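Take a look at the structure below.
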Amino acid sequence: MGISENIELLSNLHGATGDEYPAAVEVKKLFDPLCDECSIDKMYNVIGIKRSKNPQGKLMIDAHIDEVGLMVADIDENGFIFFETLGGLDSRTLLAQEVVIHGRRDIPGIIGIMPVHVLSSEEKDKPIPRNKMYIDTGYSADEIKKIVRLSDTITLKNKTLHLLGGRISTKAQDDRTSVAVIVSVLEQLKGVELPFDLYVVASTQEEEGHGGAIVATYDIEPDLAIAIDVCHGKSPDASDGVFPMGVGTVLAKGPNIHPGMLRAVTDAMDKVGISYSFNIHNIRTGTNAAITQISRCGIPSVLFALPLRYMHTCIETVDVADVQATADGITAFLKSIEKVGDVICY
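If you count by this note's numbering, then the sequence shown holds residues 1 to 346, one letter each, in order.
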């Protein structure tokens, strides 16, 4: 499949933070034919390995598979489900959404509110607070409690739209579209002998404390690490820290990023004509690069980011050209490495 098809396939999976196993099983199916080894660890991280015949070390690429979602907080006497947000889902966008509740079995639901006709003038002018929203499944309280328990996760129902100009809008692109990048990198490396063992990680629980990356990075103990995540794509109401879509990947710069490794990345991309922008971070990035950098005795790390509109909603939107450019840039960097130790020289 092409990268667009993989974006749609991955976004269709359900796996809220802390409940990623079903998604991990499907991601493993994508990694398996492209890796020499592949497994799911106790944190439900998917870890694939492409072995070198003469490895000088290990390089790890990470993207997270958890998605923002909801969690069952209460079930009232009429069977309506009240919820908490999980992983920073934007509650402003939840009204009238379709959801899937992951109980003893998956069941559909809709997020409802009081109709506008019965609200006061004052209430009509106020945003709807999350605690006034609820999920209607059609079941009575007795029926729903046989299927759904407190703390069960809830995900938004996928509605993939292929927009004009090569753009795709769907849920969970933060960060499953970065997993599609990893798959593309592995496909481009078929038959390529690298001077290091390549570890690819689809990590869990990034949205709530980076738990999967903490465990995977400690276990693998790579010599170099690449994190792939998203940044904010430019939209009409955006201000600072946003990036145009359709013009390439975004590379982080700042204390979280190893300057020598970043220079090696940009040199490799410049050589083959792949465009990129810089995102300046004067503090640590809010990504798994912040974890890999300080694991064990420290790991030189870089961060690639995909410009993404409408982050943490069900209409997250990317430009496929940026996704492909990110995969191509990482591949160019990996192919450029002759000696692992030289990458961090500057």
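Just so you know, even glycine gets a beta-carbon here, dropped at the ideal spot from N, CA and C.
Bear in mind the structure is a predicted one, so any value in this text is a computation, not a measurement.
- For aspartate 270, the enclosing alpha helix (DSSP H) stretches over residues 259 to 272.
- The C-beta of asparagine 279 has 16 or more other C-beta atoms within 10 Å across all chains shown, which makes the residue buried.
- Sequence-distant Cβ neighbours of glycine 241 in its own chain, meaning closer than 8 Å and more than five residues away, are Cys231, His232, Asn279.
- Inclusion of phenylalanine 80 and tyrosine 139 in the CB contact set at 7 Å is not warranted, their separation being larger than that value.
- The Cβ-Cβ distance between asparagine 6 and valine 183 falls below 7 Å.
- Counting other Cβ atoms within 10 Å of its Cβ, serine 121 stays below 16 and is therefore classed as exposed.
- Taking C-beta atoms as the reference points, isoleucine 61 and isoleucine 294 fail to come closer than 7 Å.
- Per DSSP, glycine 48 is one residue of the beta strand (DSSP E) stretching across 46 to 50.
- Collapsing the DSSP output to three states places isoleucine 101 in a strand.
- The DSSP-derived three-state label of serine 295 is coil.
- Linking arginine 130 to proline 115 through their CA atoms gives a straight-line distance of about 15 Å.
- Counting only unbroken stretches of 3 or more residues, the beta strand (DSSP E) elements lying wholly within the stretch 103 to 154 are 106 to 112, 134 to 136, in sequence order.
- Judged by DSSP secondary structure, glutamate 316 falls within the beta strand (DSSP E) whose first and last residues are 316 to 319.
- Going by DSSP, threonine 217 is part of the alpha helix (DSSP H) stretching over 211 to 220.
- Judged by DSSP in its simplified three-state form, leucine 186 adopts helix.
- Per DSSP, proline 307 is not a residue of any alpha helix (DSSP H); the beta strand (DSSP E) it occupies stretches across 301 to 308.
- Residue pairing by DSSP puts threonine 170 in a beta bridge opposite Glu316.
- Taken through DSSP and simplified to helix, strand or coil, lysine 29 comes out as helix.
- Going by beta carbons, aspartate 174 and glutamate 37 fall outside the 7 Å limit.
- No residue range can be given for leucine 34, since it is assigned to no beta strand (DSSP E) and is classified by DSSP as neither H nor E.
- In the three-state reduction of the DSSP assignment, isoleucine 283 falls in the coil class, being assigned neither a helical nor a strand state.
- Under the 10 Å beta carbon count, lysine 50 is surrounded by 16 or more other beta carbons and is classified as buried.
- Restricting attention to Ser203, Gly109, Asp319, the CA atom closest to the CA of asparagine 158 is found in Gly109.
- Below 8 Å, enough C-beta pairs join the stretch 90 to 110 and the stretch 147 to 167 to call them touching: three or more.
- Put simply, of Gln324, Ala23, Asp125, Gly112 the residue whose alpha carbon is nearest the alpha carbon of leucine 9 is Ala23.
- The Cβ atoms of aspartate 90 and threonine 313 lie closer than 7 Å to each other.
- Beta-bridge analysis with DSSP links histidine 162 to Ile168.
- Here the alpha carbons of aspartate 125 and asparagine 288 stand approximately 39 Å from one another.
- When Cβ pairs closer than 8 Å are counted between the two stretches, the stretch 203 to 219 is seen not to touch the stretch 248 to 261, the count staying below three.
- Within the same chain, Ala16, Thr17, Val68, Gly69, Leu70, Met71, Thr153 come within 7 Å of leucine 86 by CB-CB distance, once the 5 residues on both sides are set aside.
- Per DSSP, leucine 194 lies in no alpha helix (DSSP H) segment and is marked neither H nor E.
- The three-state secondary structure of alanine 325, taken from DSSP, is helix.
- Taking C-alpha positions only, leucine 30 is separated from aspartate 41 by approximately 16 Å.
- Under the three-state reduction of DSSP, aspartate 62 is assigned to strand.
- In this structure, DSSP gives glycine 341 a helical state, which the three-state scheme calls helix.
- Separation of the CB atoms of glutamate 187 and leucine 34 is rounded to 6 Å, and the pair is thereby assigned contact status at 8 Å.
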